[in-house]
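Asks: Taken in order, these protein sequences are the chains called L and F.
Here this note's numbering is used: the first residue of the first sequence is 1, the next is one more, and so on.
Here this note's numbering is used: the first residue of the second sequence is 1, the next is one more, and so on.
From the three backbone atoms N, C-alpha and C, an ideal C-beta is built for every residue, glycine too.
Predicted model, so just to flag it, every value in this text is computed and none were measured.
Following this message is one structure expressed as structure tokens.
Number of protein chains: 2
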Amino acid sequence: VVGVDLGGTKVLAGVVDHDGKVLSRYKAKTRQYKGQPSELLDLIAESVHGAVGDAHLELSAIEAVGVGIPGALDPTRDLVSVAPNLGWINLPARDELSKRLNGITVRLENDVRNAALAESVLGAGAGSQSMVAIFVGTGIGGGLIAHGELQRGTHGGAGEVGHTVIRAGRGLCSCGQKGHLEALAARPAVTAYIARHVKRGEKTTLVGRGHGKTDVQYLTSGDVEAAVKKGDALATRAVQRSARYVGLACGSLVNLLDPQLIVLGGGLVDAIGQQYLDWAAEAARPHILSKLAHDTPIVAAKLGDDAGLLGAALTARQA
Amino acid sequence: VVGVDLGGTKVLAGVVDHDGKVLSRYKAKTRQYKGQPSELLDLIAESVHGAVGDAHLELSAIEAVGVGIPGALDPTRDLVSVAPNLGWINLPARDELSKRLNGITVRLENDVRNAALAESVLGAGAGSQSMVAIFVGTGIGGGLIAHGELQRGTHGGAGEVGHTVIRAGRGLCSCGQKGHLEALAARPAVTAYIARHVKRGEKTTLVGRGHGKTDVQYLTSGDVEAAVKKGDALATRAVQRSARYVGLACGSLVNLLDPQLIVLGGGLVDAIGQQYLDWAAEAARPHILSKLAHDTPIVAAKLGDDAGLLGAALTARQA
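Following this line, the structure appears as structure tokens:
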């Protein structure tokens, strides 16, 4: 099968074998095609051909193509309802792509749900039947696995862990609402926390190292990681705060869903590593009601940037 | 089948036919048997016999008995791990009951999960495949239905909506943790809110009507209902606050699980009625991320006090 991880800046296509091994990778830039669906669909088809060629295969040897979409699908998963970063609205992407690929079977799935699926089958949750994945980066996304299957919900919207209320009334979310996990714990919340305290005169190694006071909010996960590793008190507190909110969400999710494990990933978690997981678990444990579920593992995602591609391949395999 | 709804104060057993019709009801008081498991098991068996007799049947005509337990079961559901109101710990209640009922098949389930199951099959969620139930009373319990099945989770603990964090750091929960929905929205949170404001000198029709200032915290859902119906400003605000927190949980649950509907029940919701549902829905809607899920119905439970009995019967039927 071919997995395609589609994003606002690039598309990555790869041939993946039955064991989840990536046989080829083909990358292309997508930014210039924002708002030009037809051209972007052409580019995706071209990337599939590229990945197949790089694996020294013919398209006829491919069983199906799975595509991860950075946006919302309709319940049939034939249509992309809205993908803001691509400028897509109500686009029948499944048929359009199939048409461009000699009628091959195409399956669409949300990109974050794909990553969760990949972690549950090939990554940190391999062998598990139920799992919650939380990815903490620019935003917070997630995915639910139950009975060994990705849970999509009634309208295909299930898994939006980032948009659950954790601290009612506090923290403005990208979606416009208050109190959501994303507003409290995603990377922008971490850098905003640092910026707020720098403004109040607090010292941090992040200022005076090429980052002006007003630039602190533009810090990357890598910048924050470096500061935490250096023992920067403010950066450490900011990350710990994020991890604790994610931990509260983990505790809540154990009480609500009682999964076999929780997997944490995404740019911020990957950058900080085990320390982030420890802080999250420490915050989560006291909230877990059931003694039997008290030690539910909270572990790091394993697949990194490959999760989207592998998840798309798994989605294709289900076709 | 016979359904048994077991509580800290009473046991209710009833014969239920294949259409969910209750053919007989047999009640007995349980309070005196707290910490005496063997005697209480005898009483439950006696109640089953009583219900069967009242329906003019023989025990041999009964296919199975389902029992709702006010506590936590082990994952096999053979054992009651802990039921505080009964004084039960690690009690092999399933076998013990079967033994007392000529070896008839017995199935145990948590009482709140039973009520959720009943609402999804015979009540407000009849015909649905996925549903979340939230029961607001002395505590807040819940249950999840997905793919037409009650979701139990890995250790049988799934569905504890009351113990999800909604406002981190605020409101001490019965479980000892802070910020849980139960701590913010269950009846004790409503009466504590009223008591707090009465102490600060705020006026309410609830004071001076046989309720001393210090007694306000002991108000029943009925007292609060009467005050709200009379237009009492403080009582109304207190109930609205509860409904809004429940609404935030509903919004979060739609984003997380995307169920077909959410059912609200329990003493406080039943007492206040549609007004409570309207307040909850009003708080929930803005938080729902997916346009397709925006109008997810938030409706009142239909089965009232029968939900536990009918759920126990459904649990028996699955045997």
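What residues from the region 269–294 of chain F come within 9 Å of chain L, judged by C-beta to C-beta, listed N to C?
Replies: PRO286, HIS287, ILE288, LEU289, SER290, LYS291, LEU292, ALA293
Asks: Taking the straight line between their C-alpha atoms, what separation do you get for ASP258(L) and THR205(F)?
Replies: One C-alpha to the other measures close to 43 Å.
Asks: Strictly below 7 Å CB to CB, what residues from chain F border ALA72(L)?
Replies: The contacting residues are SER290.
Asks: Using DSSP with H/G/I as helix, E/B as strand and the rest coil, what is ARG237(L)?
Replies: helix
Asks: Are the CB atoms of GLY153(F) and SER130(L) nearer to each other than 9 Å?
Replies: yes
Asks: When you compare the CB of VAL207(L) with every CB in chain F, is at least one pair closer than 9 Å?
Replies: So no, VAL207(L) is outside the interface.
Asks: On the DSSP bridge list, what partners appear for GLY142(L)?
Replies: ILE134(L)
Asks: Select from the region 219–248 of chain F all residues with a C-beta closer than 8 Å to any C-beta belonging to chain L, and list them in chain order.
Replies: TYR245, LEU248
Asks: DSSP state of GLY14(F), grouped into three classes?
Replies: strand
Asks: Helix, strand or coil: how does DSSP classify GLU109(L) here?
Replies: strand
Asks: Write down the C-beta distance between VAL136(L) and SER242(L) rounded to the nearest angstrom, noting that I regard them as a contact closer than 8 Å.
Replies: 7 Å
Asks: Output yes or no for whether 9 Å exceeds the beta carbon distance between ALA271(L) and VAL224(L).
Replies: yes
Asks: Looking at the unbroken beta strand (DSSP E) that takes in TYR26(L), where does it start and where does it end?
Replies: Annotation: the continuous beta strand (DSSP E) that includes TYR26(L) extends over 26–29.
Asks: Any Cβ of chain L within less than 9 Å of the Cβ of THR138(F)?
Replies: no
Asks: Distance check for VAL299(L) and LEU277(L), CA to CA, integer angstroms please.
Replies: 7 Å
Asks: Let's test the definition: count the other Cβ atoms within 10 Å of the Cβ of THR76(F) and tell me whether it reaches 16, buried, or not, exposed.
Replies: exposed
Asks: Once you ignore the five residues that flank GLY247(L) on each side, which residues in its own chain have a CB closer than 7 Å to its CB?
Replies: TRP279, ALA280, ALA281, GLU282, ALA283, ALA284
Asks: Across the region 287–294 of chain L and the region 160–171 of chain F, are there enough close Cβ pairs to call them in contact, namely three or more that are closer than 8 Å?
Replies: yes
Asks: How is ASN90(L) classed by DSSP in three states: helix, strand or coil?
Replies: strand
Asks: Compute the distance between the beta-carbons of ARG94(L) and LEU150(L), then report whether it is under 9 Å.
Replies: no
Asks: Indicate whether at least one CB of chain L lies closer than 9 Å to the CB of GLY176(F).
Replies: yes
Asks: Since GLY304(L) is in the alpha helix (DSSP H), which residue starts that stretch and which ends it?
Replies: Unbroken run through GLY304(L): none, as it is neither H nor E.
Asks: Starting from GLY222(F), trace the alpha helix (DSSP H) both ways and give me its first and last residue.
Replies: 221–229
Asks: Hey, does GLY125(L) have any beta-carbon neighbour from chain F nearer than 9 Å?
Replies: no
Asks: What does a CB cutoff of less than 6 Å around GLY156(L) pick up in its chain, not counting 5 residues either side in sequence?
Replies: LEU73, PRO75
Asks: So who's on the other strand from GLY68(F), going by DSSP bridges?
Replies: ASP5(F), GLU109(F)
Asks: Between ILE166(F) and chain L, is any beta-carbon pair separated by less than 9 Å?
Replies: For ILE166(F), the answer is yes, since a Cβ of chain L falls inside 9 Å of its Cβ.
Asks: Do you know offhand how far PRO297(L)'s Cα is from VAL254(L)'s?
Replies: Linking PRO297(L) to VAL254(L) through their CA atoms gives a straight-line distance of about 10 Å.
Asks: DSSP three-state call for VAL207(F): helix, strand or coil?
Replies: coil
Asks: Smallest Cα separation from GLY139(F): which of GLY20(F), LYS302(F), CYS175(F)?
Replies: CYS175(F)
Asks: Under DSSP, the beta strand (DSSP E) around LEU181(F) begins and ends at which residues?
Replies: Per DSSP, LEU181(F) belongs to no beta strand (DSSP E); it is in the alpha helix (DSSP H), 181–185.
Asks: Can you check whether the C-beta of ASP111(L) is within less than 9 Å of a C-beta belonging to chain C?
Replies: Absent from the structure is chain C; the protein chains it does hold are L and F.
Asks: With a threshold of 16 other CB atoms inside 10 Å of the CB of GLY141(L), please say whether the residue is buried or exposed.
Replies: buried
Asks: Is the CB-CB distance between GLY3(F) and GLY311(F) below 9 Å?
Replies: Going by C-beta atoms, GLY3(F) is nearer than 9 Å to GLY311(F).
Asks: How close, in whole Å, do the beta carbons of VAL65(F) and ALA316(F) come, if the pair is a contact with beta carbons under 8 Å?
Replies: 6 Å
Asks: Given GLY71(L), which residues of its chain have a CB within under 6 Å of its CB, disregarding the five upstream and five downstream residues?
Replies: Hits under 6 Å: VAL80, VAL82, ALA83.
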